[in-house]
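Notes follow the structure.
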Amino acid sequence: MQPSDNQLDITLTEAKAQFIHLWGVSGSSWGVSKTLAQVHALLLVSLNALSTEDIMEQLTISRGNASMTVRELLDWGLIYKELRPGERREYFVAEKDMLQVTRCIIRARKRRELDQMKRSLDQLAALPGDPADAEYRAFHATLTDIQQLAIVSDKLLTRLMQAEKSWFWDKFLKLFM
């Protein structure tokens, strides 16, 4: 599929704005706030590190929203502070290596979602009951199946987080070829 003439006529600034919008909309589908995804996208496409004020201005968001979002992106490991001697402002730059970005996202989602689900399943599986009761057996069997899936998912995600770039892409591309 070739780009239409309209796509070829957009400026770099317009293309960046479209990317930031697209990343923000996609972020909502991934379970993160639109603003978090937009700030991440802005930092991904920025050649230089940006301050909180730069982010606020370019995305027209409040200081509080920008600060909370930057803090969360730092927690995820998706952005880093760039220190500038003599500057009081903090500047931020995004991790640009997409495999490392993927690792950061997997690590954060695993910690916040899968690990929590595994703990909850373990607590529920410890529920005392009568093995002769069909309803108890069915409930316990369902939990066991989900626990096994969670264990396999945990191992797979852990392996992905540790993967070397060449190994990851080789295996990933073989899935689709």
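Every letter in the sequence shown is one number past the one before it in full-length UniProt numbering, and letter 24, counting from 1, is 24. Just so you know, even glycine gets a beta-carbon here, dropped at the ideal spot from N, CA and C. Quick caveat: nothing in here was measured; it's all calculated off a predicted structure.
Outcome for A125 when other beta-carbon atoms lying within 10 angstroms are tallied against a minimum of 16: As a first step, residue 125 must be located in the sequence shown, where it is residue number 125. Per the 10 Å Cβ criterion, exposed.
Span of the beta strand (DSSP E) around A94: Taking the first residue of the sequence shown as position 1, residue 94 is located at position 94. 91-94 is the span of the beta strand (DSSP E), which, as asked, contains A94.
Segment limits, alpha helix (DSSP H) that includes I79: Within the sequence shown, residue 79 is the residue found at index 79, counting from 1. Unbroken run through I79 is the beta strand (DSSP E), 79-82; no alpha helix (DSSP H).
Burial state of V32, where buried means 16 or more other Cβ atoms lie within 10 Å: Residue numbering aside, residue 32 sits at position 32 when the sequence shown is read from its first letter. V32 is buried by the Cβ-count criterion.
Rounded straight-line distance, which links the Cα of V152 to that of A41: Locating residue 41 in the sequence shown gives position 41, where the first residue counts as 1. Locating residue 152 in the sequence shown gives position 152, where the first residue counts as 1. So the alpha carbons of these two residues sit roughly 31 Å apart.
Own chain, CB closer than 6 Å to A66, minus 5 neighbours either side, in chain order: For this step, residue 66 is matched to residue 66 along the sequence shown. Contacts found: T52, I55, M56.
Presumed contact (8 Å Cβ cut-off) between K110 and A150, rounded CB distance: On the sequence shown, residue 110 is found 110 positions in, with the first residue counted as 1. On the sequence shown, residue 150 is found 150 positions in, with the first residue counted as 1. No, K110 and A150 are not in contact; Cβ-Cβ is about 10 Å, not under 8 Å.
Limits of the alpha helix (DSSP H) - the one that E72 falls within: Within the sequence shown, numbered from 1, the residue matching residue 72 stands at position 72. Element bounds for E72: 63-76.
Simplified DSSP state of S29, which is helix, strand or coil: The count along the sequence shown starts at 1 and reaches residue 29 at position 29. S29: helix per DSSP, three-state reduction.
Touch test, the stretch 90-104 against the stretch 122-139, Cβ-Cβ under 8 Å, three pairs minimum: no
Limits of the alpha helix (DSSP H) - the one that D54 falls within: Here residue 54 refers to the residue found at position 54 of the sequence shown. From DSSP, the alpha helix (DSSP H) with D54 extends over 52-59.
Three-state secondary structure (DSSP) of T11: Working through the sequence shown from its first residue, we reach residue 11 at position 11. DSSP places T11 in coil when its eight states are reduced to three.
Distance, D154 Cα to W23 Cα: Translated into positions along the sequence shown, residue 23 becomes position 23. Translated into positions along the sequence shown, residue 154 becomes position 154. Between W23 and D154, the C-alpha separation is close to 27 Å.
Exposure of W76, with buried meaning 16 or more beta-carbon neighbours within 10 Å: As a position in the sequence shown, residue 76 is number 76, starting the count at 1. With 16 or more other Cβ atoms within 10 Å, it is buried.
Within 9 Å, strictly: CB atoms of R107 and M161: Locating residue 107 in the sequence shown gives position 107, where the first residue counts as 1. Locating residue 161 in the sequence shown gives position 161, where the first residue counts as 1. Yes.
Reference Q18; option with closest CA among R137, P85, V45: If you number the sequence shown from 1, residue 18 lands on position 18. Measuring from the Cα of Q18, the nearest candidate turns out to be V45.
Buried or exposed by the 16-neighbour rule on C-beta atoms within 10 Å, applied to R63: For the purposes of this step, residue 63 is identified with residue 63 of the sequence shown, where counting begins at 1. The C-beta of R63 has fewer than 16 other C-beta atoms within 10 Å across all chains shown, which makes the residue exposed.
Where M1 falls: helix, strand or coil (DSSP): Within the sequence shown, residue 1 is the residue found at index 1, counting from 1. Only weak support exists for where M1 lies, its pLDDT of 49 falling under 50; the coordinates are left without a value.
Rounded C-alpha distance that separates V70 from A132: By 1-based counting over the sequence shown, the position of residue 70 is 70. By 1-based counting over the sequence shown, the position of residue 132 is 132. One C-alpha to the other measures close to 54 Å.
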